[in-house]
Every structure is written in C-alpha cells, then in structure tokens.
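Report on the structure given below.
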Amino acid sequence: KAGVTQTPRYLIKTRGQQVTLSCSPISGHRSVSWYQQTPGQGLQFLFEYFSETQRNKGNFPGRFSGRQFSNSRSEMNVSTLELGDSALYLCASSTGTSNDEQYFGPGTRLTVT
Amino acid sequence: GESVGLHLPTLSVQEGDNSIINCAYSNSASDYFIWYKQESGKGPQFIIDIRSNMDKRQGQRVTVLLNKTVKHLSLQIAATQPGDSAVYFCAEKRTGRRALTFGSGTRLQVQP
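Sequences listed follow chains H and R, in order. Read in order, the letters of the first sequence are residues -8 to 104 in this note's numbering. Read in order, the letters of the second sequence are residues 7 to 118 in this note's numbering.
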C-alpha cells in the first residue's frame, strides 16, 4: 500500500510569511504526528492528531498549528516565519493505538530567507 | 539532500564487520524504545523496537539491547553492508504518550 506522502517536498519562504504543509497518511491510519528536524535541535515533536483532534502537543510556540481532516489528511501551518524555522518537517502516520509503529514520510524541506 | 545534523558522531566499519551503535536515554519513565534508520533525503525508517520489560530483542541482522539500570540502549548490526550506511536514531516514549523523544543520532559509514 502507498506510504506517507508529504507536499510540497521543498519550499522557500521569506521571513514574516506563513506556510502550510500537507501530509497524507497511510490508508486506514488515523493518527498523524508532526516533527521538526534541524541540525542543531535534532528531531523534535510538534503535535499529534487523531480523528481530527489534537491529542498531544510539543513545546513549540503558538505560531505552529495544525489540523486534521475527516479523511485523516493533516496540515500544519507556521505563521510569521522566522529564519530558525528552516528545517525538515516530517509527518508520521500510525494507527493511533498504544506503541504502534509510526511510519514517516519523506519530509518537507522548508527554507526561510 | 541532507536531513541530519552536521556534527553527528560517526562510526566507520568495514563491510562484513559487526556494528554497535549506542544511545543513552534520559527519561526513566520511558518504557518503549525504537531504533530508526534515516538515509539522505528520506524520513526515518523503523528498524526494531523493545519494551522495558525486555533486555534484548533480535530481528533480521539486528539486535537491540536495553540496560534500564544505566539508561542505555544499543543497536547491533551483524555483517554490516554498504546499504546500512545511514544515520541511526534511538527514540524513547512512555506508553500512553504519543511523542517520541529522539536521540541526536549516529552516522554509520560502511567501507567496502
């Protein structure tokens, strides 16, 4: 079956702009988690959505937000972009049950100039 | 494109040798641990997991060891192949929580 897809794969934005990233989970998966990966901070958890509800949230400012649709597709939004938001944004798809395997997409590479 | 840290510790091994990658975790409440492999331009890929009620688990060519006393995790790869070259991350979580906490990663380079 098809894996996790993320669009776009690459994005260049300017400081102050906002951006929306999209993630389509594996068919049948109801949980989508988002992670930020940077050279300095590594992989950090942003938030997780399950059945259109945010279940868990990491320690990121309110500029980072997300949502999930009834078909389990998820989007994350970053407003008022800062240079430090340049990163690889990864989404992970899973069934949503305890200790289920999370399948990562290829990520969206965001560059803020 | 690059997707991992620029200053990762690097383990260089010869093809056919065994590799051991180590990880120290921080949260004594974590009870579920996973090893991921990340190749350039890709997202992390699940390798093997282990629960805290175990101290060893084996997969195909891989073994994970867990020492809860010193909060240490290791990944052993047998007969390392060039295709094993990647960055390896350990991750920890607590049952009931969704967030994975990742280690900083180790780059494995396999010399032919």
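Just so it is clear, CB atoms sit at the ideal spot from N, CA and C, and this is done for glycine as well. Since this is a predicted model, take the numbers as computed values, not measurements.
**Prompt:** Can you give, in chain order, each stretch of the beta strand (DSSP E) that sits fully within the segment 15 to 88 of chain R and has at least 3 residues?
**Reply:** Segments of the beta strand (DSSP E) lying fully in the segment 15 to 88 of chain R: 16 to 20, 25 to 30, 38 to 44, 51 to 57, 62 to 64, 68 to 73, 78 to 83.
**Prompt:** Does H/Gly75 get closer than 8 Å to chain R when you measure Cβ to Cβ?
**Reply:** Working through the first sequence from its first residue, we reach residue 75 of chain H at position 84. So no, H/Gly75 is outside the interface.
**Asked** Which of helix, strand or coil does DSSP assign to H/Leu34?
**Response** By one-based count along the first sequence, residue 34 of chain H stands at place 43. If DSSP states are grouped into helix, strand and coil, H/Leu34 belongs with the strands.
**Three-state secondary structure (DSSP) of H/Leu72** = Position 81 of the first sequence, counted from the first residue, corresponds to residue 72 of chain H. In the structure shown, H/Leu72 sits in coil (DSSP, three-state: anything other than H, G, I, E or B).
**Candidates R/Ser34, R/Pro15, R/Leu114: closest to R/Asn73 by CA position** = By one-based count along the second sequence, residue 73 of chain R stands at place 67. Residue R/Ser34 holds the alpha-carbon nearest to the alpha-carbon of R/Asn73 among R/Ser34, R/Pro15, R/Leu114.
**Message:** Is the separation between the beta-carbon of R/Phe95 and that of H/Leu81 shorter than 8 Å?
**Reply:** Taking the first residue of the second sequence as position 1, residue 95 of chain R is located at position 89. Taking the first residue of the first sequence as position 1, residue 81 of chain H is located at position 90. Note that the C-beta distance between R/Phe95 and H/Leu81 is not below 8 Å.
**Message:** I want to verify the contact list: residues of chain R whose CB lies under 8 Å from the CB of H/Glu39, in sequence order.
**Reply:** Start at 1 with the first residue of the first sequence, and residue 39 of chain H comes out as number 48. Per Cβ cutoff of 8 Å: Arg104, Ala105.
**Request:** Within the same chain, show all residues whose beta-carbon is closer than 8 Å to that of H/Leu2, passing over the 5 residues directly before and after it, in chain order.
**Result:** As a working mapping, residue 2 of chain H is identified with position 11 in the first sequence. Cβ contact annotation for H/Leu2 (same chain, cutoff 8 Å, sequence separation greater than five): Val10, Leu12, Thr99, Arg100, Leu101, Thr102, in chain order.
**Item:** Beta-carbon contacts of H/Asp91 that lie in its chain and below 8 Å, excluding the five residues immediately before and after
**Value:** Working through the first sequence from its first residue, we reach residue 91 of chain H at position 100. Here the set comprises Ser22, Ser85.
**Asked** Quick one: Cα of H/Gly96 to Cα of R/Asp90, how far?
**Response** Sequence index remark: in the first sequence, residue 96 of chain H carries index 105 (1-based). Sequence index remark: in the second sequence, residue 90 of chain R carries index 84 (1-based). Using only the alpha carbons, I get a separation of about 19 Å.
**Asked** R/Tyr38 versus chain H: which residues are under 9 Å apart at the beta carbon?
**Response** In the second sequence, the residue the question calls residue 38 of chain R occupies position 32. By Cβ distance, chain H contributes Ser89, Asn90.
**Request:** Report buried or exposed for H/Phe60, applying the criterion of at least 16 other Cβ atoms within 10 angstroms of its Cβ.
**Result:** By 1-based counting over the first sequence, the position of residue 60 of chain H is 69. Exposed.
**Asked** Around the C-beta of H/Gln27, are 16 or more other C-beta atoms found within 10 angstroms, so that it is buried, or is it exposed?
**Response** Stepping through the first sequence from its first residue, residue 27 of chain H is reached at position 36. A buried status is given to H/Gln27, since no fewer than 16 other beta-carbon atoms sit within 10 Å of its beta-carbon.
**Request:** Would you mind reading off the limits of the beta strand (DSSP E) that contains R/Glu98?
**Result:** Within the second sequence, numbered from 1, the residue matching residue 98 of chain R stands at position 92. Boundaries of the beta strand (DSSP E) harbouring R/Glu98: 92 to 99, taken from the DSSP string.
**Prompt:** R/Val10 to R/Gln51, Cα distance in whole Å?
**Reply:** Residue 10 of chain R sits at position 4 when you count from the first residue of the second sequence. Residue 51 of chain R sits at position 45 when you count from the first residue of the second sequence. Confidence at R/Val10 is low in this model, with a pLDDT of 39, below 50, so the placement of that residue should be treated as unreliable; the coordinate-derived value is given next. Answer to the nearest angstrom: the Cα atoms are 14 Å apart.
**Prompt:** If you measure beta-carbon to beta-carbon, which residues of the segment 47 to 65 of chain H are closer than 7 Å to chain R?
**Reply:** Within the segment 47 to 65 of chain H, the qualifying residues are Asn47, Gly49.
**Any 3 or more C-beta pairs closer than 8 Å across the segment 15 to 22 of chain R and the segment 51 to 60 of chain H** = Counting C-beta pairs with one atom in each stretch, the segment 15 to 22 of chain R and the segment 51 to 60 of chain H have fewer than three that are closer than 8 Å, which means they do not touch.
**Asked** Which of the three DSSP states, helix, strand or coil, is assigned to H/Gly19?
**Response** Here residue 19 of chain H refers to the residue found at position 28 when the first sequence is read from its first residue. For H/Gly19, the three-state secondary structure derived from DSSP is coil.
**Separation of R/Tyr38 from R/Ile56, as counted between CA atoms** = Here the question's residue 56 of chain R lines up with position 50 in the second sequence. Here the question's residue 38 of chain R lines up with position 32 in the second sequence. The C-alpha of R/Ile56 lies about 6 Å from the C-alpha of R/Tyr38.
**Message:** Can you find the residues in the same chain that come closer than 6 Å, C-beta to C-beta, to R/Asp61, ignoring five residues on each side of it along the sequence?
**Reply:** Stepping through the second sequence from its first residue, residue 61 of chain R is reached at position 55. If we look at R/Asp61 and ignore the five residues flanking it on each side, its Cβ neighbours are Leu72.
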